[in-house]
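Q: Quick note, the sequence shown lines up with residues 17 to 601 if you use our numbering.
Where a beta carbon is used, it is the ideal one built from N, C-alpha and C, also for glycine.
Just so you know, these numbers come straight off a predicted model, no measurement behind them.
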Amino acid sequence: MTSIAPFSDAPPRILPPPPAEADAVRRALAQDINAPLFVADLLLLRGIRDKEGARAFFLPEPAPTSPDEMLGLSRAVALLTTAREQGERVAVHGDYDVDGVTGAALLYLGLRELGFDADWILPNRFDGGYGLTRRTLDQLKARGAAWVVSVDTGIAAVEETAYAHSLGMRVMITDHHQSPPVLPAAEVILNPNQPGCPYPNKGISGCGVAWRLLEALTAAFAAGADPVAAAKAKALDVGKYLDLLALGSLADNVPLHGENRGLVRAGLRRMASSQNVGLRVLLQRTGIDSTALTSTDILFKVTPLLNATGRMGSPETSLRLFLSVDEREAHQHVDRMEAENVRRRALDQANTAEAFAMVEAGMREDACLVVHSSGWHEGVIGIVAARLVDKYRRPSFVLSVDEHGVAKGSGRTVRGFNLHEALAAHAELFVKWGGHAFACGFSIRQENIPAFREAMIARARIAFAEGPKPAEVAASLRVDLREITGEGLLWLRRFEPFGPRNEAPLFFADHVELYGSVRTVGDKHLKFAVRAGTGSEPLDVIGFNLAHLLERIEGRDRLDKLVFHPEWNVFRGQKKIQLRVVALE
Ligand SMILES: [Mn+2]
């Protein structure tokens with residue numbers, strides 16, 4: 017049988033942007049809001065067609081929730097009011113990822129400020145597993161908790177809730193995950209994704225639900241009969257916790273439209289002057305400019321540090337950071353997080369090198385890579401799979417086998433091989449599986465690995481029978497380079513935070529004039545300038561890791577297509593606009 021290696025260095029194919037709206041519509045909107053035409057296009061792409069819609073989009077003020085907007089919220093407020101009156105201990109039970117940690121932190125801190133006898137706990141993924149566990153519940157019981165309030169977890173904890181009840185504790189579930197057919201018999205459940213919950217934002221994060229609970233509780237106390245509680249509630253600005261909410265929501269990849277966008281945007285602004293000493297120190301240590309925070313800064317520089325501790329087994333460090341009382345303590349926690357991150361990166365590199373060696377030793381002809389080892393760290397298999405895809409450009413699965421003969425696996429892929437479909441077609445092989453087209457996670461018994469491998473390779477052979485499928489870059493909108501100005505970039509910033517359902521737009525310009533010479537910088541990068549036409553202002557272009565395209569453009573005077581993100585570049589104190597090129601033809 018001939019091997020089919022979908023190994024392709026072909027540059028991505030550029031898919032031109034969808035046709036713009038009628039010129040009259042675009043121009044009217046642009047004129048109405050006094051913005052460049054591309055701003056009107058971006059709004060229209062988001063379904064915003066008039067001035068009022070634009071205003072609401074650009075100034076999203078998260079409106080307070082009234083308790084009847086979320087199923088269970090008024091009951092939760094009433095139950096917690098009684099708990100406080102009776103001096104009962106309320107334990108916040110988070111989860112080990114950033115959403116679960118920030119949510120637990122903000123709820124715990126808020127409850128304490130409202131005068132609760134509050135406690136917190138996090139599960140450890142290497143010691144008892146995710147979410148509520150018998151182990152964490154036993155500990156909370158021993159520490160005198162009357163209430164367990166879960167954050168970002170618990171919607172499927174039927175058995176654990178019964179166990180907490182058997183210990184004499186009451187349970188309040190706050191979660192955002194899809195609810196299973198049978199819900200836990202908790203005293204109250206807050207989850208916009210449970211049947212009958214009218215809360216319109218089904219894409220809210222776990223920390224978002226916790227924040228809404230704190231907000232409603234604070235409002236109720238402020239208006240309540242207890243003068244001490246009312247005074248504390250009036251002194252509490254729940255908005256200050258939007259910084260933690262923004263962090264958890266971005267880390268959880270929630271859709272950034274509607275309410276989430278407003279909350280996250282407000283949170284990013286609050287972050288610049290955060291009242292949380294731990295968060296302030298964390299931002300300082302990552303070296304990002306906190307006055308102009310973007311979702312990219314958070315996702316690339318902040319959440320990896322927070323994740324490192326959870327992945328390596330001690331999410332408590334992240335939570336303790338947010339509970340730090342002074343800078344000295346906060347620095348100590350960040351030191352630990354950085355050390356964990358170094359350890360995680362070393363493991364990642366070692367495991368990647370091993371995986372590469374395995375492929376080189378006998379899988380180079382496989383249309384799909386399946387590698388497994390008992391020595392690999394479960395916290396990095398996703399990254400290793402992504403590196404295999406990068407290097408070999410074919411679907412890749414990395415599995416880490418544990419001492420009980422069960423492997424955790426993670427998959428990444430290339431265009432033309434849908435992971436969800438591939439796993440669904442062989443669901444009988446897995447203990448558990450989940451994922452979408454481009455990423456998946458699963459567990460599988462060791463003895464099923466060979467069958468899994470065969471099945472995936474066979475599928476990949478069929479998928480790539482016609483040869484490799486080059487990557488595609490889908491441009492968002494066509495733009496006239498003359499609109500890429502300082503003012504244009506200011507407008508663009510107002511579309512932030514970018515993320516799922518509010519992606520940073522990929523601009524498309526055609527027939528642009530090359531201006532001056534094309535060169536490479538630092539071996540790997542490409543640098544040149546373009547302009548719309550004679551007499552118009554040239555713009556710098558940078559192509560990171562695109563030096564191999566030098567030959568394709570050298571000596572030409574025009575590019576047919578340029579796809580890019582416009583941004584500011586600060587070099588030796590000079591601020592200039594540059595186009596970060598994603599693809600060109
Ligand atoms: Mn979550």
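Is the CB-CB distance between L61 and V204 below 8 Å?
A: In this structure, V204 does not lie closer than 8 Å to L61 by Cβ.
Q: Sorted by chain position, which residues of the same chain lie with C-beta nearer than 8 Å to V10's C-beta, five sequence neighbours on each side aside?
A: The structure shown does not extend to residue 10, since the chain is modelled only from 17 to 601, so the question has no answer here.
Q: Go through its chain and collect everything with a Cβ distance to D259's Cβ below 7 Å, but skip five positions before and after it.
A: Hits under 7 Å: G283, R286, M287, S290, N292 and L295.
Q: For ligand 1, is there any heavy atom lying closer than 7 Å to the beta carbon of S221?
A: Under cutoff, so the answer is yes.
Q: Does the Cβ of W584 have 16 or more other Cβ atoms within 10 Å, making it buried, or fewer, making it exposed?
A: Exposed is the call here.
Q: Which stretch, first to last residue, makes up the alpha helix (DSSP H) that contains K407?
A: I397 to Y408 is the extent of the alpha helix (DSSP H) around K407.
Q: Which residue's Cα is closest to the Cα of V254: E231, L263 and G274?
A: If we check each option's Cα against that of V254, E231 comes out closest.
Q: First and last residue of the beta strand (DSSP E) that includes L575?
A: Segment R574 to F587, the beta strand (DSSP E) holding L575.
Q: For P243, count neighbouring C-beta atoms within 10 Å of its own C-beta (all shown protein chains included) and say buried if the count is 16 or more, exposed if not.
A: Result: exposed.
Q: Using only CA atoms, which one of F514, E567 and R65 lies nearest to L315?
A: Checking every option, the nearest Cα to that of L315 belongs to F514.
Q: List the DSSP bridge partners of A525.
A: According to DSSP, A525 bridges with L578.
Q: List the endpoints of the continuous beta strand (DSSP E) containing A548.
A: No beta strand (DSSP E) contains A548, which DSSP labels as neither H nor E.
Q: Report the option in V579, Q590 and T550 whose CA atom is closest to the CA atom of D573.
A: Nearest option by C-alpha distance: T550.
Q: In three-state DSSP terms, what is A161?
A: It is coil, neither helix nor strand.
Q: Measuring straight from C-alpha to C-alpha, what distance separates I593 and R547?
A: Those two C-alpha atoms are separated by around 12 Å.
Q: Taking the CB atoms as reference points, tell me whether G131 and A245 lie closer together than 8 Å.
A: In contact: G131 and A245 (Cβ atoms closer than 8 Å).
Q: What do you reckon, is the C-beta of G110 under 7 Å from a heavy atom of ligand 1?
A: No, the Cβ of G110 stays beyond 7 Å of every heavy atom of ligand 1.
Q: Going by DSSP, which residues form a beta bridge with A423?
A: V417 and I460.
Q: Between the Cα of E104 and those of M185, G69 and I137, spot the shortest distance and give me the residue it belongs to.
A: Among M185, G69 and I137, the Cα nearest to that of E104 belongs to M185.
Q: Between the alpha carbons of N217 and E275, how many angstroms are there, rounded?
A: Taking the straight line from one Cα to the other gives about 7 Å.
Q: Hey, which unbroken runs of the alpha helix (DSSP H) at 4 residues or more fall wholly within the stretch 265-337?
A: Fully enclosed alpha helix (DSSP H) runs of 4 or longer: 274-288, 293-302 and 319-327.
Q: From the DSSP output, in three-state form, read off T81 for me.
A: Looking at T81 - three-state DSSP - the assignment turns out to be coil, as it is neither helix nor strand.
Q: Let me make sure I understand the geometry here. Which of L339, R409, V386 and F524 has the alpha-carbon closest to that of I473?
A: It is V386 whose Cα lies nearest to the Cα of I473.
Q: Give the DSSP-derived three-state secondary structure of Y531 in the structure shown.
A: Here Y531 sits in strand by DSSP.
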